[in-house]
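Letter by letter, the sequence shown follows residues -11 to 100 in the numbering used here. Beta carbons are placed, not taken as given, at the ideal position from N, Cα and C, and that holds for glycine. Note that the structure is predicted; figures quoted are calculated from it, not measured.
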Amino acid sequence: MKCKNCVAGLFGVCYERDYCQTEQSALVELARRMAGERGHQLGEFVKQEGLSVWRSACSLCGQPVYVDVNPAPDEPDLYGDVLVTDCPQGEPTPAEEQPEPLPASLEEVFKS
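Structure, rendered in structure tokens:
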């Protein structure tokens, strides 16, 4: 999946990437919020070699979560244990109590 020619793409954010940066960022944020509602604290998302998938894990219990920007038909773009099970070591944080994501600066968007 390549750039989808959104506003971010017009600024070259997705240049030479094999995915849409805006979509990937939105899915990561959604995964963090959903995991937080179950008490998980996610670490960094790491792109899996040769796939359109990023993986993270709860820093408390180790359960994984995956973000796929190009899932197969009828497959989810978010999946993993942190989305369906409560963290045995964490405290759930309702979505309305979670901090709002900070907008990315242009410098953050263009790095990597």
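Classification of residue 95 by the beta-carbon crowding that lies within 10 angstroms, buried from 16 upward: Caution applies to residue 95, whose pLDDT of 47 falls short of 50 and renders its modelled position unreliable; the value that the coordinates give is listed next. Exposed.
8 Å contact criterion, which residue 43 and residue 36 should meet: CB distance rounded: 6 Å
Cβ shell of residue 41 (< 6 Å), same chain only, five flanking positions each side left out: 54 and 56
Whole-number beta carbon distance between residue 48 and residue 8, since they are thought to touch under 8 Å: Rounded, the Cβ-Cβ distance is 30 Å, inconsistent with contact.
Environment of residue 31 [buried if 16+ CB atoms lie within 10 Å]: exposed
Spatial distance of residue 60 from residue 39 (CA atoms): 12 Å
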